[in-house]
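S.K.: Dropping the structure in here first, questions after.
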Amino acid sequence: MVICAAMRHLLRGSHVCGSWASIFSRMWQRQVSGRVYTELDFDQEEIKAKLLGFPGGAIELSKQESGIAVLTINNPSRMNAFSGSMMVQLEEKVSQLEQWSDGKGLILQGAAGTFCSGSDLNAVQAISKPQNALTRLLRLPMISVALVEGRAVGGGAELTTACDFRLMAPGSVVQFVHKHLGVVPGWGGAARLVHLVGSQNSLKLLSGASKVDPEFGIQIRLADGVLKDPQVEEGVGTVLQQAEKWLSHYTTGPPSVIQAIKKVALSGRELSLVEALRTEKQVFGTVWGGPANLQALTSKSKYK
């Protein structure tokens with residue numbers, strides 16, 4: 001409240017130059033609107049045009065009748081690093097998923113047995129703002145899981161934190177190598193990492209550029225499960241099939257209910273307690289008396 005009052009005072013003061021006053025004004029308006037922003041206004045079309053100047057690879061989206069979608073990072077020649085055009089495609093695919101009324105779950109994977117090695121540095125240098133696609137990815141109205149095969153390094157490590165859960169295949173590694181490049185995470189990975197493993201573990205992973213294998217991932221709660229090696233154990237299915245089976249335990253039920261669950265969990269993570277309670281009450285009102293609720297009451301289903 002003191003900071004907010006100070007900002008209002010600065011905005012009224014004649015000693016603040018017009019351009020900075022305009023910036024503070026936009027930030028203040030966004031703050032009081034209850035929406036979370038990490039960037040100022042930019043020309044989206046100009047940024048898109050710059051990114052498309054760095055082609056290569058693709059982001060592929062497959063939707064299944066089960067309500068589970070698979071989002072694949074496909075640029076094997078660059079260890080699935082994001083090109084500029086892939087950044088644009090990611091936002092487009094996220095937009096499609098935001099509008100998918102039947103969506104319940106999402107699996108994010110890399111092609112050809114590796115997850116993601118970050119981004120094309122030339123594409124990153126060509127733009128003047130961080131992408132918000134990963135924040136939108138985390139806020140999707142469905143339960144998401146990152147399927148980590150091979151290496152997830154740099155921006156790829158950040159990408160794993162933009163999902164609700166992480167499953168690691170045997171031999172996989174997550175590594176925040178930003179220190180070696182003389183930078184820090186810029187896609188929101190550090191903030192999300194603290195929420196996942198705590199500030200102490202985050203500091204160790206970032207300052208030490210530590211390699212996180214499946215066992216260590218489970219230990220610090222960065223990983224939520226370790227998959228089996230289909231080449232060693234028969235009948236377990238591919239790692240993707242194992243991930244689909246794992247995710248199905250949490251996506252069984254009508255899309256409206258799964259999406260409502262995701263929304264209340266998300267509000268509890270991102271909003272203040274008062275706002276989260278208000279959101280929970282509102283979301284409850286959207287499912288109470290709905291088809292799934294009425295069917296459950298009619299059938300007198302028992303908890304198992």
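Residue numbering for the sequence shown follows the numbering used here, beginning at 1 and increasing consecutively. In this text, a Cβ means the ideal position worked out from N, Cα and C, and glycines have one as well.
1. Roughly how many angstroms separate the alpha carbons of G113 and D213, rounded to a whole number?
2. With DSSP collapsed to three states, give me the class of F165.
3. If you check the beta carbons only, do A146 and L108 fall under 8 Å apart?
4. For the stretch 193 to 273, which segments carrying the alpha helix (DSSP H) assignment without a break, of at least 4 residues, lie completely within its bounds, in sequence order?
5. At which residues does the alpha helix (DSSP H) containing S85 begin and terminate?
6. Roughly how many angstroms lie between the CA atoms of G103 and V173, to the nearest whole one?
7. Give me the Cα-Cα distance between V274 and Q200, rounded to the nearest whole angstrom.
8. Within 8 Å, do at least three Cβ pairs link the stretch 259 to 272 to the stretch 206 to 225?
9. Can you say whether G285 is buried or exposed, counting buried as having 16 or more other CB atoms within 10 angstroms of its CB?
10. Tell me the DSSP secondary structure of V183 in three-state form.
11. Rounded to whole angstroms, what is the Cα-Cα separation between L294 and V257?
12. Could you spell out the range, first to last residue, of the beta strand (DSSP E) harbouring T72?
13. Taking K211 as the reference, give the member of G154, A123, V287, G105 with the closest Cα.
14. Whole angstroms is fine: what's the gap from Q242's alpha carbon to A49's?
15. Can you give me the Cβ contacts of G237 inside the same chain, cut-off strictly under 7 Å, excluding the 5 residues immediately before and after it?
16. Mind checking whether L227 and M168 have CB atoms under 8 Å apart?
17. Are the beta-carbon atoms of L51 and V88 separated by less than 8 Å?
18. Helix, strand or coil: which one does DSSP assign to R151?
M.R.: Per the coordinate set shown:
1. On the sequence shown, residue 113 is found 113 positions in, with the first residue counted as 1. On the sequence shown, residue 213 is found 213 positions in, with the first residue counted as 1. Approximately 16 Å between the Cα atoms of the pair.
2. Counted from its first residue, the sequence shown places residue 165 at position 165. Strand.
3. Locating residue 146 in the sequence shown gives position 146, counting from the first residue. Locating residue 108 in the sequence shown gives position 108, counting from the first residue. Yes. Within cutoff.
4. The stretch 193 to 273 contains these whole alpha helix (DSSP H) runs: 199 to 208, 214 to 219, 239 to 251, 255 to 270.
5. Residue 85 sits at position 85 when you count from the first residue of the sequence shown. First-last of the alpha helix (DSSP H) with S85: 84 to 98.
6. On the sequence shown, residue 103 is found 103 positions in, with the first residue counted as 1. On the sequence shown, residue 173 is found 173 positions in, with the first residue counted as 1. C-alpha separation (whole angstroms): 29 Å.
7. The residue given as residue 274 occupies position 274 in the sequence shown. The residue given as residue 200 occupies position 200 in the sequence shown. Going by the C-alpha atoms only, they are around 28 Å apart.
8. Taking 8 Å as the limit for Cβ pairs, the verdict is that the stretch 259 to 272 does not touch the stretch 206 to 225.
9. On the sequence shown, position 285 is the one that residue 285 refers to. Exposed.
10. The sequence position of residue 183 within the sequence shown is 183, counting from 1. Of the three classes helix, strand and coil, the one that applies to V183 here is coil, per DSSP.
11. The residue labelled residue 294 in the question sits at position 294 within the sequence shown. The residue labelled residue 257 in the question sits at position 257 within the sequence shown. When rounded, the distance between both Cα atoms is 12 Å.
12. As a working mapping, residue 72 is identified with position 72 in the sequence shown. T72 -> beta strand (DSSP E) spans 68 to 74.
13. Taking the sequence shown and counting its residues from 1, the one referred to as residue 211 is at position 211. When only C-alpha atoms are compared, the closest one is G154.
14. Locating residue 242 in the sequence shown gives position 242, counting from the first residue. Locating residue 49 in the sequence shown gives position 49, counting from the first residue. Each residue's Cα considered, the two are about 39 Å apart.
15. To locate residue 237, count along the sequence shown from 1; it is residue 237. Contacts found: P230.
16. Here residue 227 is taken as the residue at index 227 of the sequence shown, counted from 1. Here residue 168 is taken as the residue at index 168 of the sequence shown, counted from 1. The answer is yes: Cβ separation under 8 Å.
17. As a working mapping, residue 51 is identified with position 51 in the sequence shown. As a working mapping, residue 88 is identified with position 88 in the sequence shown. Going by C-beta atoms, L51 is nearer than 8 Å to V88.
18. Stepping through the sequence shown from its first residue, residue 151 is reached at position 151. In this structure, R151 counts as strand in the three-state DSSP scheme.
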